[in-house]
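See below for the structure under consideration.
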Amino acid sequence: MAPLAERRARAKRPLVSSSAPSPSRSTGRRPSASGDAEPAPTDETSRAHLAADPKRANGKGSLRRRRDSWEVRLSLPDVGRRAFALPGRWTEATARSRMDLLSEMADRLSAARQIAVGLPLLERAAVSEGQILAGVRNAIDLLCRGEGGAKQTEATFADIANAWVSGELRKRYPDHVKPLEDVRKYRSNFDLYILPLVGQVPIRQFKIEHAELVMRNLPQRHSVGMRGKIALRINRVLGFAVYPLKLIESSPIPRGWAPKGDRGAKAYAYLYPDEESRLIGCTKIPLVFRVYYAFLCREGMRCDTEAGELEWSDIDFEHGVVRLDENKTKRPRAWKLSPDTLRALCLWRKLAPKGSFVFVGSAGGHLPGRSGAVDLRERLKIAGIKRPELFEHSARRQRIRLHDLRATFVTVRLANGWTETQVMDRTGHTTSTELNRYRRAARTLIDLHQSDFAPMDLAIPELRALAESEGGGAVDGSSGGAASGSKKSGSHPPTAKGGGHGRSKGKQPAAGGTDAPPRVGHGLGQELAGEPCRSDRSHETPGDPPDRDGLQPPGGSFAPAIPEASRPGHGSWGGQRSVAPVLRGGGGGVNVIG
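Quick note: the sequence shown, position 201, residue 986 per my numbering, numbers continuous.
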């Protein structure tokens, strides 16, 4: 190593020879190779030198290894040197092939003077494969043909889409832009499928071909419904460009362009009342889910946005009323809960985790969680329910989903004589057409002699045990809150003849009592319970929804009377074994099974 003094002297030597003139900062000139001074580089001159230097600006790049991934570096005109990260799982040969592809794309964009606009497409091409990469190629083709060049001051499709999703557009035009319920879904749709292909297209130059480009490159696994949502996202952005932004006169998308799903074509799955009783009575399933499933079947709420987000403050326990101010249809509704549901919620409130939500999962959030349908099907198998229709999936049949518990509510209630008005008050449906698909399944329940749901507070063992411990006796489910066996309440222990309704056959309840027979007009329920259908309304069960249209539902004309020993509910909830009628054979005979 040279001595310290020699190294210091070497460091003080001038970088140029003494015969050459030193650079002058005041004149902005520097010495050239011939000894003459030349102008110092400015932004314009350096960009010109970059474009003229074939080694720096011809798009040819280099491949480097950065930790666990590869990196392609390209020198591009107008934008300088850029690095593009490649997936780490690629081999060196694959990385070099992608480098050549990026160089080719960069050359085409440079020749078309669209390198600045196409830079996001190059970044997308660096990490994409398959159909997405093909879509990026098509987008670059559009740019190179002059169909995507954007000016600095012209709004692009991505500008409007980002303003919409971020909420900026709503702040500027609150009367014409509604808030988004789930921003993450919208952002995901745009980032994955739309913006990489057409985001940099100026909104004035957007054509139907750009929209079709997005639809052609959607993954084949997407259903018609999902494809329709993507199309509606595109259509909505163009609608904002028409008004209120007033950037274009009309949308290039024709009316009816978005694909529409074949609604109602698939047969839906639903639970029979006896299957539902087995599900919520299986103690191998977590209690919170059984209470949740039973509530969905009896009240007809939507599983995620309504029942899943239901809070204790939404329930008026004094009057037994539940209200839904926030729901899918944006139409607030309220109704009186079924008496057994209200009693069950009073008991569940004592066992539920502390918090604002009625149904809370293990992670502390509200139900149903991300895999609600899969969990439901697994728990049906745990409960011993293996009816093939619940698990089959085909072009014309869908396996049971969590949302189908709402369909179970509609089907069972229609089969038990509820009117359309009564069902709509709870589900939020607005037309009879929306309920027509459930009528055939309801007639099937009638033919199978399936009765109504079992009382919720009695069908769930934990709630029944809690009521018995608090009431000090057998539970009949007739008290307003936690069921009690007190004689002062006017309740009577269920007997074999009582069908689980907490009274003896033929005994008339006191006026205003809670142990009334099944509701007038429940033709199926009354015939199966051995009760004649009545023309008056003096024996309605408190809490059942009234006939607001003033019409009595048909009763007694569609279900044959069944001997007392074979009636559904015979001894079911009076401490006896659980029984359910099942139609076997072609002769119409009914067998009772345990």
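Glycine included, each C-beta is placed from N, C-alpha and C at the ideal position.
Ser1062 - containing alpha helix (DSSP H), residue span: 1058 to 1065
Of the listed residues Ser1156, Ile993, Ala1168, nearest to Ile1019 (C-alpha basis): Ile993
Meets three-Cβ-pair contact criterion under 8 Å: the region 1216 to 1231 and the region 1048 to 1064: Contact holds: three or more Cβ-Cβ distances are below 8 Å.
Terminal residues of the beta strand (DSSP E) in which Ser854 lies: 854 to 861
For Glu997, the three-state DSSP class (helix, strand or coil): helix
Sequence-distant residues of its chain with Cβ nearer than 6 Å to Gly920 (five each side left out): Leu982, Asn1002
Ordered list of beta strand (DSSP E) runs contained in the region 1069 to 1134, each at least 3 residues: 1106 to 1109, 1118 to 1121
Boundaries (first-last residue) of the alpha helix (DSSP H) holding Phe1025: 1009 to 1027 is the span of the alpha helix (DSSP H), which, as asked, contains Phe1025.
Residue environment, Ala896, which counts as buried when at least 16 other CB atoms sit within 10 Å: exposed
Outcome for Trp1097 when other beta-carbon atoms lying within 10 angstroms are tallied against a minimum of 16: exposed
Under 8 Å between C-beta atoms of Cys1088 and Leu1190: In contact: Cys1088 and Leu1190 (Cβ atoms closer than 8 Å).
Distance, Arg1211 Cα to Pro1071 Cα: 27 Å
Thr876 (DSSP reduced to helix, strand or coil): coil
Continuous alpha helix (DSSP H) stretch holding Arg922: start and end: 915 to 929
Between the CA atoms of Leu1136 and Thr1196 - distance to the nearest angstrom: 30 Å
Residue range of the alpha helix (DSSP H) that includes Ser948: It should be noted that the sequence gives Ala, not Ser, for residue 948. That run of the alpha helix (DSSP H) goes 942 to 951.
Sheet register partners of Arg850 (DSSP bridge): Trp855
DSSP-derived helix/strand/coil call for Ser1035: coil
Buried versus exposed call for Ala870 [16 or more other C-beta atoms within 10 Å across all chains shown]: Exposed: under 16 other Cβ atoms inside 10 Å.
Option nearest Thr1068 by Cα separation, candidates Val962, Ala1250, Ser951: Ala1250
Among Gly1093, Glu1084, Tyr958, nearest to Lys1121 - alpha-carbon criterion: Glu1084
Cβ-based neighbour list, Leu1175, same chain, cut-off 8 Å, excluding 5 preceding and 5 following: Ala1054, Leu1056, Arg1162, Leu1165, Arg1184, Ile1185
Range of the contiguous alpha helix (DSSP H) that encloses Gly903: Unbroken alpha helix (DSSP H) run through Gly903: 900 to 912.
Any 3 or more C-beta pairs closer than 8 Å across the region 1122 to 1141 and the region 1099 to 1107: yes
Assigned exposure category for Asp1237 - 16 Cβ within 10 Å defines buried: buried
Which of helix, strand or coil DSSP assigns to Arg1181: coil
Cβ contact check for the region 938 to 954 and the region 1006 to 1013: 3 or more pairs under 8 Å: Contact between the region 938 to 954 and the region 1006 to 1013 is absent, because fewer than three Cβ pairs lie under 8 Å.
Closest Cα partner of Ser1123 within the set Gly1169, Arg1198, Gly1146, Glu1111: Arg1198
Alpha carbon of Arg1225 to alpha carbon of Ala880, nearest angstrom: Cα to Cα, Arg1225 sits roughly 59 Å from Ala880.
Rounded Cβ spacing between Ala1252 and Ala1079 (contact assumed at less than 8 Å): Not really, about 15 Å apart at Cβ, beyond 8 Å.
For Arg893, the three-state DSSP class (helix, strand or coil): helix
Cα-Cα separation, Arg1172 to Gly1066: 18 Å
Beta-carbon spacing of Ala1052, Arg1182 below 8 Å: yes
Inter-residue spacing [alpha-carbon to alpha-carbon] between Gly915 and Ile1015: 19 Å
Inter-residue Cα distance where the pair is Gln1005 and Leu977: 14 Å
Same chain, Cβ closer than 7 Å to Asn1221, neighbours up to 5 away in sequence not counted: Shown here for Asn1221: not one same chain residue has a beta carbon closer than 7 Å to its own, the five before and five after excluded.
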